[in-house]
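Residue numbers (the working numbering), protein chains in the order written: chain A, 3 to 181; chain B, 63 to 222.
Before any comments, here is the structure.
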Amino acid sequence: MKIILWIAATLLVTLGWLTFATTRPGGAKPATANVVPAPRPATRALDVASRASATAPELVAPALHDEPDLSIAGQRARLEDRFAAEKTDTGWAATAQQELHADLGRFATRDVGIRDVQCRASLCRIELALATRDSATEFMESWLHKRTWTGPGVADNDVVGADGQPRMVLFVGKDGQDL
Amino acid sequence: MKTTGFLVAAAIIGMGSLGGGAAAQTQSAMAGHGWPNAFDTCFGSSFAMVMNNCADSDHLLIVPIQVPASANYQASARASGSVAYTKTSCQAIAIGPNNNGFSFSLLGTTNVGLTPQTLTLGVIGVPVHGTAHFECTLGAWVSDLSGGGSGGRLINVELN
């Protein structure tokens, strides 16, 4: 009887501590979270991955609440790998490239030029030449407010091209499919 | 014995409830502002909800939202179109700490009509020291047959 009471009390104290630690701002996270920056599978991530499995079965979409070291460069690196591994769906890729050229082209200026648009099966990679990094933010702001492309995306304007000039790399995905 | 059973059950149920991850962050539309004019007088509000009261065009509402930590979040918005013809579109955007990059959700759009809908916008990755906000284009005001009318509406936005 005493042992059962003791176990129950211990569980309640642990519960109280965990509740406090996980709800306060900047609350304690599992110790392993800080040493595993790469995405780990979660239920939702697996759902997303399975939807994309026709073209890239090895790839795992980002897990929710799982990346204490998440950065734009890290997101771009993950998408570069995914893009490199993806096979091309010729029909979708051609249509998407045409659509993106038209959509992004409306906002191209002397300071922001479209260098390259490549699409595969669910993902497109766009490279833009920049006069300055500020011109990239102006471009993104204008485009996001008026875009006709409805899928999600990630843009990194902290990229330097082989010629030493600033670049922005933009990945966009199919509508309804998480990156 | 009954007390012991209750304590054990309460502890087990309580432990099970911890598996849900971080709490959802919800922000009312009322906390937002217009763009490019922050004090856009076309917007009117009623408690949490903001509506477009101008018939000239759609108007853009920006709603910043607090993020507790860098992570991938499921974004959604509760919105409706106007009484007829015009709709409301929303997207969630995360921005890097030095304006050095963006993660944006899909662009979700309501139907026409005043019935509120939850727009599921997919996942955005909020980087370390980054910020997040929602951008919703509220459809132009349209009159109804009774002499009244309404524009597009946004009630709240959520990161989960």
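Ideal Cβ positions, reconstructed from N, Cα and C, are used throughout, including at glycine.
Note: B/Ala133 is bridge-paired with B/Val188 in the DSSP secondary-structure output.
Not flagged as an interface residue toward chain A: B/Ser138, since no C-beta distance is shorter than 8 Å.
Beta bridge pairing from DSSP links B/Ala91 with no other residue. Assignment of A/Arg135 by DSSP, reduced to helix, strand and coil, places it in the helix class.
For B/Ala133, same chain residues with a beta-carbon under 7 Å away, outside a window of 5 residues either side, are Val188 in chain order. Per DSSP, reduced to three states, the secondary structure at B/Trp203 is coil, with no helix or strand assignment. In the structure shown, the three-state DSSP call for A/Asp177 is coil. Rounded to the nearest whole angstrom, the CA to CA distance from B/Thr177 to B/Ser212 is 12 Å. Contact annotation for B/Ile155 against chain A: Leu146 [CB-CB distance below 7 Å, chain order].
Interface with chain A (8 Å Cβ-Cβ cutoff): B/Gly214 is excluded. Taking all protein chains shown into account, A/Thr97 has fewer than 16 neighbouring C-beta atoms within 10 Å of its C-beta and is therefore exposed. Here DSSP, grouped into helix, strand and coil, assigns B/Glu197 to strand. Chain A has a Cβ within less than 8 Å of the Cβ of B/Glu197.
Note that the C-beta distance between B/Ser167 and B/Ala137 is below 8 Å. In the DSSP annotation of this structure, the continuous segment of the beta strand (DSSP E) that includes B/Glu220 starts and ends at Arg215 to Leu221. By the C-beta density criterion, A/Arg169 is buried, having at least 16 other C-beta atoms within 10 angstroms.
Taking a beta-carbon distance threshold of 8 Å, A/Gln120 does not count as an interface residue toward chain B. B/Ala139 is bridged by DSSP to B/Leu181 and B/Val219. Annotation for A/Arg117: the continuous beta strand (DSSP E) segment containing it runs Val114 to Cys121. If you draw a straight line from the Cα of B/Gln179 to the Cα of B/Leu216, it is about 10 Å long. With the criterion set as a beta carbon lying under 7 Å from some beta carbon of chain B, the members of the stretch 150 to 167 of chain A are Thr152, Gly153, Pro154, Gly155, Val156, Ala157, Asp158, Asn159 and Asp160, in sequence order. The beta carbon of B/Gln89 sits closer than 7 Å to those of Val125, Ile127, Asn218 and Val219, all from its chain and outside the five residues before and after it, given in chain order. According to DSSP, B/Ala154 shares a beta bridge with B/Phe196.
When DSSP states are grouped into helix, strand and coil, B/Ser108 belongs to the strand group. Neighbours of B/Phe166 in chain A, taken as residues at a C-beta separation under 7 Å, are given in chain order as Leu146, Pro154 and Gly155. Here B/Asn173 is exposed, its C-beta having fewer than 16 other C-beta atoms within 10 Å. Within its own chain, the residues whose Cβ lies closer than 7 Å to the Cβ of A/Arg117, once the five positions on either side in sequence are excluded, are Glu129, Leu130 and Ala131, listed in chain order. Judged by beta-carbon spacing, A/Ala123 lies beyond the 8 Å limit of A/Glu69, meaning their Cβ atoms are not closer than that value. Judged by DSSP in its simplified three-state form, A/Ala110 adopts coil rather than helix or strand. What A/Ser73 touches in chain B, judged by beta-carbon distance under 7 Å, is Pro189 and Val190, going in chain order. Cβ contact annotation for A/Trp151 (same chain, cutoff 7 Å, sequence separation greater than five): Glu101, Leu102, Asp105 and Val174, in chain order. Assignment of B/Phe164 by DSSP, reduced to helix, strand and coil, places it in the strand class.
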